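Residue numbers (the working numbering): 33 to 366.
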């Protein structure tokens, strides 16, 4: 039984003065009260940090860590290193938990190494959409080589959401991977890296169809992009592929398992550029994409036979180089 075990919840914060209080309060309101909160200052502004300090002064279960290196990878690492609980959860500073989150997840940890919940996607206008997982138990040895969607796309995990939040981990396993995780220094795909390294050291994981987290879908918060540096995309792809090659080689899984990697990363970067740039900058990036042989080769390998109608239509736009349709979809619909 797990009733007396301490649970650590790590919350990195940045410029979150409007949301951090709600995130912390959702933890303090948990029906299971044997927890600690590790707040990690990720180069936060003074107003956000003041909120964190106010809560620390009110509750001895809250501690604040200050990191020297900027970036979410290092914030996560510092939080894990300072975790005292037997079990570990993460929460982004702009999201919040259902009041029974810990209570419902904890009993499962007797039998699995990782558990994931369904969640609500909450738009800025307050609209909520249920994102339900299929409840199931998986053995890592049977699932590792099949972890990615559609022809093994890295965009989304097949069996569990790629996010760190909405999960409960064993702290001992998380601590055992944190040096390697930090060494890669990802500024995107850091959740993917953390979860793959964790699963590599795990035996089993489970999904439950419980809506435990409210994930707030904000507009992308990248710094405004006025000029495209396409080399950044190429460098990111190289870093991710190197990481996947290392991990998959250790698990006797062929590189073909992530053969759409160049497509996935470039497509994802395109969405970030469109949401944080003007039309001409976005179009310039799209033009560069379609002169990129590695991306184009990867695009040809993508399958969509299990995809939604919307995804199939989006893939058609990419294949036909229909930039205006893609731009409008990303800017106003997605």
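Beta carbons: idealized from backbone N, C-alpha and C, even for Gly. Just so it is clear, the structure is predicted and the values come from calculations on it, not from any experiment.
query	result
Using a Cβ-Cβ cut-off of 8 angstroms, state whether residue 326 counts as contacting chain C.	Absent from the structure is chain C; it holds one protein chain and no more.
In whole angstroms, give me the CA-to-CA distance for residue 225 and residue 63.	31 angstroms
Does residue 194 come out as helix, strand or coil in the three-state DSSP assignment?	coil
On the CB-based measure, 16 or more other CB atoms within 10 Å of its CB, does residue 73 come out buried or exposed?	buried
Can you tell me the Cα-Cα spacing of residue 350 and residue 302, whole angstroms?	11 angstroms
What whole-angstrom Cβ distance do residue 93 and residue 133 have, given they're in contact under 8 angstroms?	Contact doesn't hold; Cβ gap of about 16 angstroms is too wide.
Can you have a look at residue 162 and say buried or exposed, based on whether 16 or more other CB atoms are within 10 angstroms of its CB?	exposed
Can the beta-carbon of residue 260 be found less than 8 angstroms from the beta-carbon of residue 316?	yes
Under 6 angstroms Cβ to Cβ from residue 357, same chain only, skipping five residues before and after it: list those, please.	349
With 16 other CB atoms within 10 Å as the buried threshold, where does residue 71 fall?	buried
Determine the burial state of residue 254: buried for a count of at least 16 other Cβ atoms within 10 Å of its Cβ, exposed for fewer.	Since pLDDT at residue 254 reaches only 45, below the 50 mark, its modelled position is unreliable, and the value read off the structure follows with that caveat. Classification of residue 254: exposed, given that the 10 Å Cβ count is below 16.
Under a Cβ-count criterion, where at least 16 other Cβ atoms within 10 Å of its own Cβ denotes burial, should residue 196 be classed as buried or exposed?	buried
According to DSSP, what are the bridge partners of residue 61?	The partner list for residue 61 (beta bridge, DSSP) is empty, contrary to what the question assumes.
Could you have a look at residue 152 and say whether DSSP puts it in helix, strand or coil?	strand
For residue 329, which residues of its own chain have a beta-carbon under 8 angstroms away from its beta-carbon, when the five flanking residues on both sides are left out?	294
Residues bridged to residue 122 by DSSP?	42
Measuring straight from C-alpha to C-alpha, what distance separates residue 235 and residue 85?	39 angstroms
In the DSSP assignment, find the beta strand (DSSP E) that holds residue 73 and state where it starts and stops.	67–73
For the segment 142–157 against the segment 94–101, do three or more pairs of beta-carbon atoms, one drawn from each stretch, fall closer than 8 angstroms, so that the two count as touching?	no
Report the rounded CA-to-CA distance for residue 110 versus residue 268, giving the unit in angstroms.	23 angstroms
Suppose the cutoff is 7 angstroms on Cβ atoms and the five residues either side in sequence are ignored; what does the same chain contact list for residue 252 look like?	In this prediction, residue 252 scores a pLDDT of 48, lower than 50, which makes its location untrustworthy; the coordinate-derived value is nonetheless stated afterwards. The residues are 304, 307 and 308.
Note down the Cα distance separating residue 77 from residue 50, rounded to an integer number of angstroms.	12 angstroms
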